[in-house]
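Undergrad:
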């Protein structure tokens, strides 16, 4: 089922932007309690350094692998007809707390400057033992900001590892990945339900859970692309938003069980329809965070790798073109051999990058906090230099959310969405640019 609302609701988007411009939520009162003794970032990353996107022995090239159609059809014939996003949203049975219902500790995770204009919190009982990692929205999926008639947010989580875990992620036996499908039609009351990410096996007669930390994802057209550290060469898994399957047995098991199909207790499961693999070699950069850039032609997927603060090398940033072929909706543009080559690449001195966003000439990099309870730094870099948001309270650059993960920009509303711990938040990109000057 293809989306049918691509060129509608322009006026609705403008009205929402006007509402956002006149709305300021008092979300950061607790966040500003952060100590003024935090050290100022002394080493700015400077300007981006262009590197050859086709060089380095093809390290940035991805090979596309498609799950055979007969596997997916076999799985659907046994599990039942796939459902779409609308069906999943109608089954949303959990509610996110709005900003007023978030605790002081949860609000401390919010950015200090610029302030968040929306904030919501997941329940502790629903997320205990799970690590948040990635956010994307229907603003990525379609340029009118909706999927069909729905406005949707997707929040990715990984079992194990804890909120303060490194990008290396949890132990493999713990690392199941799940996605919260959030019904955002009423921004005053967000409801959600869970779906498990899976990989078909045995010719489509069964599936297993995706075992990987989920640090980045992009929903583009009818596909969901997620980062993975599963295996030595896997880079991205691909899911079809029109191929969501219902689980029929409620148990902790994953896959075919006595009496039907189980998805670790969740009602829905997404079987992968493809993947992108890396070339071999230890020096090959693995996408740790990804986002969508609609300011390029064609639209593009941007990626950053994770390099620890004590490393002796620079972080690489790069982008892939997305396909314009209607028969390849939501997939990367590939050559005749099925390879997706990077079309642009840079190096940056910024390390410990947890989220990347590219829009027009700027690259926005979210750097993690230096301490578990500290705040991170949001840099905007280009070929001329770098600037970071600064806090009016203590004149440091530690103004961004400390545990924030991936960044997602909804162009039609002008909002950036991200998540820190159990706190999901949004703020206008324009407010970031005003803070940067």
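Numbering (this note's numbering), first residue to last: 215 to 651.
Glycine is no exception: its CB is placed at the ideal position from the N, C-alpha and C atoms.
Treat the numbers as computed from the prediction; the structure is a model and nothing was measured.
1. I want to know whether the stretch 620–630 touches the stretch 598–606 - three or more CB-CB distances under 8 Å.
2. Expressed to the nearest angstrom, what Euclidean distance is found between the alpha-carbon atoms of residue 261 and residue 292?
3. Just curious, the alpha helix (DSSP H) that residue 353 is in, first and last residue?
4. With a threshold of 8 Å, are at least 3 pairs of Cβ atoms found where one atom belongs to the stretch 559–566 and the other to the stretch 509–526?
5. Cutting at 6 Å between CB atoms, please list the residues of its own chain near residue 558, excluding the five before and the five after it.
6. Tell me which residue opens and which closes the alpha helix (DSSP H) that residue 340 is part of.
7. Grouping DSSP H, G and I as helix and E and B as strand, with all else coil, what is residue 645?
8. Assuming contact is defined by CB atoms lying nearer than 8 Å, are residue 409 and residue 395 in contact in what I supplied?
9. Flag this pair as yes or no: are the beta carbons of residue 280 and residue 418 separated by less than 8 Å?
10. I need the straight-line Cα distance from residue 530 to residue 299, nearest angstrom please.
11. Whole angstroms is fine: what's the gap from residue 603's alpha carbon to residue 391's?
12. Determine, using beta-carbon pairs with one atom in the stretch 536–544 and one in the stretch 584–594, whether at least three such pairs fall under 8 Å.
13. Helix or strand or just coil, what does DSSP make of residue 376?
14. How would you call residue 376, buried or exposed, if buried means at least 16 neighbouring beta carbons within 10 angstroms?
15. Excluding the 5 residues preceding and the 5 following residue 263 in the sequence, name in chain order all residues of the same chain whose CB lies nearer than 8 Å to its CB.
16. Could you tell me if residue 497 is buried or exposed, where buried requires 16 or more neighbouring beta carbons within 10 angstroms of its beta carbon?
17. For residue 541, which of helix, strand or coil comes out of DSSP?
18. Beta carbon of residue 488, beta carbon of residue 432: below 8 Å?
19. Leaving out the 5 sequence neighbours to the left and right, which residues in its chain are closer than 6 Å to residue 583 when beta-carbon positions are compared?
20. Shortest alpha-carbon distance to residue 341 belongs to which of 373, 355 and 320?
21. What number of angstroms, rounded off, separates the C-alpha of residue 493 from the C-alpha of residue 618?
22. Assign residue 431 to one of three DSSP states: helix, strand, or coil.
23. I'd like the span of the alpha helix (DSSP H) that includes residue 300, first residue to last.
24. Please list the terminal residues of the continuous beta strand (DSSP E) segment that includes residue 592.
25. For residue 563, which of helix, strand or coil comes out of DSSP?
26. Would you mind sorting residue 512 into buried or exposed? The rule is 16 or more other CB atoms within 10 Å of its CB.
27. Counting Cβ pairs closer than 8 Å, one from the stretch 318–325 and one from the stretch 453–467, do we hit at least three?
28. With burial defined as no fewer than 16 other Cβ atoms inside 10 Å of the residue's Cβ, what is the status of residue 740: buried or exposed?
29. Along the chain, where does the alpha helix (DSSP H) containing residue 318 start, and where does it finish?
TA: So, from the data block:
1. no
2. 54 Å
3. 352–355
4. yes
5. 267 and 533
6. Counting along the chain, the alpha helix (DSSP H) containing residue 340 begins and ends at 338–341.
7. helix
8. yes
9. No, the pair does not count as a contact, with Cβ atoms beyond the cut-off.
10. 34 Å
11. 32 Å
12. no
13. Residue placement at residue 376 cannot be trusted, given a pLDDT of 45 that sits under 50; the coordinates are not used to answer.
14. Any reading at residue 376 must be qualified, since the residue scores a pLDDT of 45, below 50, and its modelled position is unreliable; the value itself is stated next. When all chains shown are included, residue 376 counts as exposed.
15. 528, 560, 561 and 562
16. exposed
17. helix
18. no
19. Cβ within range, chain order: 589, 590 and 616.
20. For residue 341, the closest of 373, 355 and 320 by C-alpha to C-alpha distance is 373.
21. 29 Å
22. strand
23. 299–304
24. 591–595
25. coil
26. exposed
27. no
28. Because residue 740 is not part of the residues shown, which for the chain are 215 to 651, the question remains open.
29. 318–321
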